[in-house]
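Colleague:
Residue numbers (the working numbering): 221 to 474.
(1) Per DSSP, residue 367 is paired with what?
(2) Buried or exposed: where does residue 386 fall if 16 or more other Cβ atoms within 10 Å of its Cβ makes it buried?
(3) Taking just the CA atoms, how far does residue 331 sit from residue 309?
(4) Which of the three DSSP states is assigned to residue 397 in this structure?
(5) Are the region 466-473 and the region 420-432 touching, with three or more C-beta to C-beta distances below 8 Å?
(6) Going straight from the alpha carbon of residue 449 to that of residue 411, what length do you get?
(7) Quick one: what does DSSP say residue 296 is sitting in, helix, strand or coil?
(8) Do you know offhand how far residue 293's Cα is from residue 302's?
(9) For residue 379, does the three-state DSSP call read helix, strand or coil?
(10) Is residue 469 near the ligand ATP - that is, is its Cβ less than 7 Å away from at least one heavy atom of it?
(11) To which residues does DSSP link residue 431 through a beta bridge?
(12) For residue 388 and residue 444, what's the separation of their Cα atoms in angstroms?
(13) So, helix, strand or coil for residue 411, using DSSP?
(14) Please classify residue 436: does DSSP put it in a helix, a strand, or coil?
(15) Are the Cβ atoms of residue 369 and residue 383 separated by less than 8 Å?
(16) Is it right to say residue 299 is buried, meaning 16 or more other beta carbons lie within 10 angstroms of its own, or is it exposed?
(17) Please return the same chain residues whose Cβ sits closer than 6 Å to the Cβ of residue 380, not counting the five positions on each side in sequence.
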């Protein structure tokens with residue numbers, strides 16, 4: 221009994237202090253205040269690092285912001301310059317367009333004036349040719365009195381409207397006495413298949429100035445008349461009257 225206890229006790233001692241005994245960890249004991257001091261120091265270091273990183277980031281951000289602001293200023297200046305160039309180009313284009321319009325209007329006006337001058341020149345040439353013929357004594361004797369020369373009737377651009385021209389010459393005495401009279405137009409037209417006679421001036425136009433004549437040597441007469449809708453002009457007779465008496469006449473078939 222005693223031997224068994226001794227064997228058990230020896231076995232337990234071998235397990236505790238022998239080769240198979242559990243390993244022991246030896247740790248240095250730090251007081252609690254040293255551990256607290258280490259934690260505070262570590263936190264202080266972390267705060268310092270965080271503050272440095274924050275300032276560095278702030279400086280970097282500020283530098284980038286200044287670059288962005290500078291770039292924005294440069295872009296704004298460039299945009300303003302381009303806007304100014306665009307405005308100048310628009311003004312220039314508008315001026316060129318206005319110049320072209322003015323030039324075109326001037327050319328049209330000049331062409332119209334040249335046409336009028338050409339017509340007047342042609343009329344003056346006709347009058348000169350007529351006067352050269354009337355200067356000969358033989359013709360003057362044969363054609364003494366009032367004469368209607370160069371009668372012409374031309375259609376206008378407006379449908380049914382015509383323009384008439386003539387030269388009334390007072391080839392009477394030397395020196396000629398002033399002639400005062402009236403002009404009368406007799407139009408022969410076809411309307412609805414029938415011949416119709418139209419006399420001008422109408423009663424409403426009897427006192428119109430373009431039908432009154434006051435001739436010392438000659439007078440160029442011209443005017444317009446319009447036909448009824450659907451009527452076609454076939455002929456015209458021009459008569460010069462004085463006190464209701466016929467003094468000269470000329471007819472023209474169309």
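Ideal Cβ positions, reconstructed from N, Cα and C, are used throughout, including at glycine.
Modeller: If we stick to the structure as given:
(1) 389
(2) buried
(3) 32 Å
(4) coil
(5) no
(6) 9 Å
(7) helix
(8) 14 Å
(9) coil
(10) The ligand ATP is absent from the structure shown, which contains no ligands of any kind.
(11) According to DSSP, which records beta bridges pairwise, residue 431 is partnered with nothing at all.
(12) 17 Å
(13) strand
(14) coil
(15) no
(16) exposed
(17) 446, 447
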